[in-house]
Amino acid sequence: MSSVVAQSHFIFGLRRGVSNNLCFFDEQTVVFPCGNSCVCYNTVQRCQRFIPGSEKSQGMRALAISANRRYLAVSERGEKATITVFDLQHEQGRKRKVLTAGDMLVQEFVCMAFSPDSKYLIGQTGGPEWMLIFWLWEKQKVLATVKTGNSNNSVAQVSFNPHNNMQLCVSGTGVLKLFRYSEGALKQSSFPKVESINFLCHTWMTEERVIAGTDTGRLLVFESGDLRREINVASKALQEQSDSNSLHRQVEMKKIKDIDVDGGPNVPRITAILSYSKGFACSLGSGTVCLFEKNEEDNYRRSKEIRIPPDPYSNELTLAESQEIDTMCISPAEETLAISTDRRQLYSFNLSSLEINKEEHIHFEFLSQPFHSKSITGLSVCIRKPLVATSSLDHSVRIWNYDTKVLELYKEFQEEAYSVALHPTGLFILVGFSDKLRLMNLLIDDIRSFKEFTVRGCRECAFSHGGHLFAAVNGNVIHIYSVTYFENILNLKGHNGKVRGIEWSLDDSRLVSCGMDGAVYEWNTQTGKRESESVLKSCSYTDVAFSSDYKTILAVGTDLTLKEIQDCQVLREVPADEVAHTAVAVSHSGRVVFTGTSSGTVRAIKYPLPIQKEWIMYQAHCGPITKMVITFDDHFLFTASEDGCLLMWKVIDKDGRGLKSSRQIIRTEEILVTKSDLEEKTQNMLELKMRLEELQMENEYQLRLKDMSYNEKMKELSDKFTQQIESLKTTQQIMKTELEKQEREHQKTTAELTVKNSKEIKDLELSYSQKLIVEHERYLDLQQKHHRMQEDYEKQLKDAEELKVQSLQELTQIYEAKLQEKTQLLDQCREEAQQQIKEFKEIIKQVEEDEERKIHDIQIKYERKLHTEKELNTNLRGETGLMTQKFYSLQRQIDDRCADINKLKQERQRLLGLIRSLESDIEDLKRQISGHEKTNQDKDKTISGLKKKNQELEKLKFVLDFQLNDLKKQTEPQQDDITEKKERIHQLEEELGQIDQSNTQLKLTVSDLRLKLRTRDKEMHKEMQKVKDLETHLQRLKSDLHICVGFIQEPRKLKESVQMLRARYVPQANVVEKSSVDEDIQTAFCRHRDHLERTVNSLKARLAKSAEEHDKVYVKIMKENVTLITEINELRKELRLVRTQVKDYKAQLATFKRSNKSRPNSENGTKKETKHEDAD
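Letter by letter, the sequence shown follows residues 10 to 1185 in the working numbering.
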């Protein structure tokens, strides 16, 4: 193993495709995924801590942080997906638990969430299962599982209720479900009808309220799982639906569901939502975050809007502002809001400055640095400055300072940047674009071009160590230019494929290159000749480097090995592994070789190279490593990848000390500034100074004026207030006098009232005493009556008792006689019953025996039937298993065919490159042949012989064509079978599509009929209410008429009562107008309903049309696939012909060379004869 170790030090970038990819650990530290690890970044100290991913994972999928900010859960893809829980309070992020789905085969967990007390964890699996798993994670115990979605309804987010550990929410396309954990199972507690709504995010506001965002830019409020209202995002107030008018509410709910179906592409999507103490924040479209605050009426008011700032270095104004927000998080003290975007950028905003900042347009700031959003294509370091340059497919070139960990310069261009090289001084940069190669100055605040070279599509470029030369690659040619004169000194030709890597020697006298043609050449940069070469056509090299002593060459390629080459021979070779090497870098001390792989890992291999597989492997990136560079002092290693991340490694020995280098590197701090820029800046400084002085003078003058005006205002206000005080004093005295008067009047009135009350009390006492006397007399009379009645009832009771005693004696005598008769009858019945019981027992025995025989026969019959049915079931299961196996085998065959097509395309491209190189060789040979035509008269005979051979070969070709036709005839029936199976699959898919269309149409019709029923029920209810109102109206009129009839003898009262009846019951003009208004409302409602029905019908027609178009497109794709397969077969034939032609050409060349060697004397003789003829 190597004694040198690489330690991850700092990383620039953000990983996409990870849900919830940004969260706060504390007020100063954020956690985000980058490469193949999670990064804890301290924004104040600008330091990072790494939590590496597992080795066998296929990449991260989601992050989740606990409520107490201690635990971090990371889900990783794989053959069996896992969730790893890390302890963030531990310095190295200690791994606590690894959770799996148990016996279920799960490939990924889409999203996760911790419970409020951090004891439980939920994880949502991906398709096609879409299972929600509920863990007690510290014991690695699965408590419950439930299916939450299907192939049409995917899940985007899961979360716990922050006030209840046992309640959770799941949202996605057509899904918003609330679950409650009870009795060992997750039970759904709400069933809202949201099948047509695509939910992208949600958040809990209270114990029962959830706000969800959709892909059509709408915020929907759910309470206890039911849709209550919608927050109007456009205005600053919440428009709530009134619960009183139920019909209007249903129409609005229908609109809510219909708008989500017809949401256009320009509608802003709500991709992230976050609740906090004052309200909530949500993303509204590209580059915008809106803050909503809660008011007293339990509504939400839109308060502020924060935008992503436009990029000052970018030429395109809308690129930075058009970013879509992926994740939002807020710090524990709610002081900082941080976001991540789809272009791999991190932004933050200080919420405490909201109250101070009253500007209309508030902007985010970068959390650390602006990162690359696409694959990094170029990487370079310089000697005199701690700078690293990177180029990317996102059209940008960036200059990073690896001492301060800051992005110093950054510029975007119109074209993609393919390669980059820093001058050793760090003052110039060379960038390769698709159209030109540009040499640029690194100014104090800009990257400015000053010379362009006509080198198109330059994928590799490098300055010499002295800085006086640079090499640039154009396809398979290497151009060497002078930096001082900008002249093309040399063109190094020899590669047949594209050059993938170049490197200068320390003294700049040699240059090594490798290419896709499997060649590694060492060039002399003074003469332009090859000094050594190594060609291996089976390998396509990707990178090359000199060893530390510049005597040997190290190269990596597609054959998965690391080779050490010296004097045209492979000295050593590190054995192959499953992963290919893509980049190589050698330390200047010569102790270690670093290689990057296609899986994103970095390997440290000791030097001299070992014979066995001995290396240290580090988890680095989530994509293939494109470039690797070691600084000239051997302190740092830089790796760049297709995932857009730049990773900085600290190179140390096993004791933790840095490597000692023999070279002394002196750092310089010079910066290039143009004369025009300096003059502009000095002029601006002078203008600003002048402006400052003028502003100071103006401010002083304005302050004096303001002092004067404020003093005058103060005097006016003081006079006004003194006048007001005096007026208030006078009003106070008037009020006091009025109060005294009122008190006197009150005393008088109270005295009069007491006198009146005393008189009334005396009168009442007299009247009630008289009434009491009358009532006492009545009471005495009633008492006497009671005594009389009591005596009469006693006499009647005595008479009744005597009669009852006599009747009882008579009855006892009668019933005793009857008893004797009945006892005799009972004895007779008992004897008969015993005889009948004996008879019944014998009958029961016979019946039981008959029934047992019948049951036995029936049992035998049904057992036979069961046996036959079981056999049928097993046969059917076997047939279904065979059918599924056939289906999967056909799918695998289709996938294999697609893979073969891609491989054949790649082979075709490679062979086309070889054919081009062979064609160039053939042209050179033709030129040589045309030059030797005069002296090659003897060669005509050999040519005639070759023609005869050619005829023989044509005969062979005819035979081969005949054999080819036979082979085609053999393959035709197999192709017919394949086409028949494809047609059957196509028919089944069409039938499925038709069934889906019919289902959707039936659902729409059912919903329409339900709406119509509800409206009809409401109309009936209104009519019944009207009838009831009219009946009550009639009853009141009858009662009033009955009262009116009582006044027939009194005409005046009768007249007044009739007038009252007329005023009460005869309708007036206003009432008629109201009824007409009601009729207008009903007609308008009917029109609105008709309009809605028409829109529903038009939507159905559109759906049918889109389905037909989809079918047509599918048929087209199938036809194109058939044509592509035929073209591939034709290309295979052409390839075979080309190979045979190449072999023929090689045979001809060999014969030509032999003939030239065998007849040198004849050629000399012919030359002498021609000379004599010329002399004559």
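Glycine included, each C-beta is placed from N, C-alpha and C at the ideal position. For clarity, every value in this text was computed on a predicted model and none was experimentally measured.
{"Item": "In the DSSP assignment, the alpha helix (DSSP H) including Thr345 goes from what residue to what residue?", "Value": "Segment 345 to 350 is the beta strand (DSSP E) holding Thr345; no alpha helix (DSSP H) there."}
{"Item": "Helix, strand or coil for Val27 per DSSP?", "Value": "coil"}
{"Item": "What's the C-alpha gap between Cys49 and Ala110?", "Value": "28 Å"}
{"Item": "My output table needs one value for Ile142: the three-state DSSP class, helix, strand or coil.", "Value": "strand"}
{"Item": "Out of Gly387, Asp403, Pro584, which one is the CA nearest neighbour of Ile438?", "Value": "Gly387"}
{"Item": "Can you tell me which of the three DSSP states Ser357 falls into?", "Value": "strand"}
{"Item": "I'd like the span of the beta strand (DSSP E) that includes Ile625, first residue to last.", "Value": "625 to 627"}
{"Item": "Would you please state the rounded distance, in angstroms, between the beta carbons of Thr336 and Ala290? I believe it to be under 8 Å.", "Value": "The pair is not a contact, with the Cβ atoms about 12 Å apart (cut-off 8 Å)."}
{"Item": "Please classify Cys1095 as buried or exposed, where buried requires at least 16 neighbouring CB atoms within 10 angstroms.", "Value": "exposed"}
{"Item": "Flag this pair as yes or no: are the beta carbons of Val486 and Ile511 separated by less than 9 Å?", "Value": "no"}
{"Item": "Provide the residue span of the beta strand (DSSP E) that contains Tyr50, from first to last.", "Value": "46 to 51"}
{"Item": "Which of the three DSSP states, helix, strand or coil, is assigned to Pro171?", "Value": "coil"}
{"Item": "By DSSP's criteria, Phe41 is part of a beta bridge. Which residues make up the other side?", "Value": "Val48"}
{"Item": "Tell me whether Lys394 is buried or exposed, calling it buried when 16 or more other Cβ atoms sit within 10 Å of its Cβ.", "Value": "buried"}
{"Item": "With Arg447 and Ser458 assumed to form a contact (beta carbons below 8 Å), what rounded beta-carbon distance in angstroms separates them?", "Value": "5 Å"}
{"Item": "Any contact of the stretch 700 to 709 with the stretch 636 to 650, i.e. 3+ C-beta pairs under 8 Å?", "Value": "no"}
{"Item": "I'd like to know whether the C-beta atoms of Gln378 and Val415 end up nearer to each other than 9 Å.", "Value": "yes"}
{"Item": "Quick one, which of Cys577, Asp552, Glu1000 has its alpha-carbon nearest Asp568's?", "Value": "Asp552"}
{"Item": "Report the start-end ranges of each alpha helix (DSSP H) in the stretch 767 to 854 that is 4 residues or longer and not cut off at the edges.", "Value": "none"}
{"Item": "Give me the DSSP bridge partner(s) of Cys120.", "Value": "Gln133"}
{"Item": "Pull up the DSSP beta-bridge partners for Glu542, would you.", "Value": "Tyr530"}
{"Item": "Please confirm if the stretch 1134 to 1151 is in contact with the stretch 902 to 920, defined as three or more CB-CB distances below 8 Å between the two stretches.", "Value": "yes"}
{"Item": "Rounded C-beta distance between Arg353 and Arg25? I'm assuming under 8 Å.", "Value": "6 Å"}
{"Item": "Tyr1074 lies in the alpha helix (DSSP H); which residues open and close that run?", "Value": "1060 to 1074"}
{"Item": "Check whether the stretch 1149 to 1161 touches the stretch 947 to 962, taking contact to mean three or more Cβ pairs, one atom from each stretch, closer than 8 Å.", "Value": "yes"}
{"Item": "If you compare alpha carbons, which of Ser349, Leu360, Val397 is closest to Ser382?", "Value": "Ser349"}
{"Item": "Using CA coordinates, which residue listed in Pro619, Ser199, Thr345 is at the minimum distance from Glu36?", "Value": "Thr345"}
{"Item": "Once DSSP output is grouped into helix, strand and coil, what is the label at Gly890?", "Value": "helix"}
{"Item": "Report, in whole angstroms, the separation of the C-beta atoms of Cys654 and Gly44, which I expect to be a contact under 8 Å.", "Value": "5 Å"}
{"Item": "Nearest to Leu452 by CA position, among Gly475, Arg519, Val682, is which residue?", "Value": "Val682"}
{"Item": "For His590, report the span of its beta strand (DSSP E) as first-last.", "Value": "590 to 595"}
{"Item": "How long is the line joining the alpha carbons of Leu820 and Glu811, rounded to whole angstroms?", "Value": "15 Å"}
{"Item": "Do Asp558 and Ser926 have their CB atoms nearer than 9 Å?", "Value": "no"}
{"Item": "Which runs of the alpha helix (DSSP H) fall wholly inside the stretch 399 to 441 and span at least 4 residues, in chain order?", "Value": "none"}
{"Item": "Starting from Lys156 and walking both ways along the beta strand (DSSP E), at which residues does that stretch end?", "Value": "150 to 156"}
{"Item": "How is Gly524 classed by DSSP in three states: helix, strand or coil?", "Value": "strand"}
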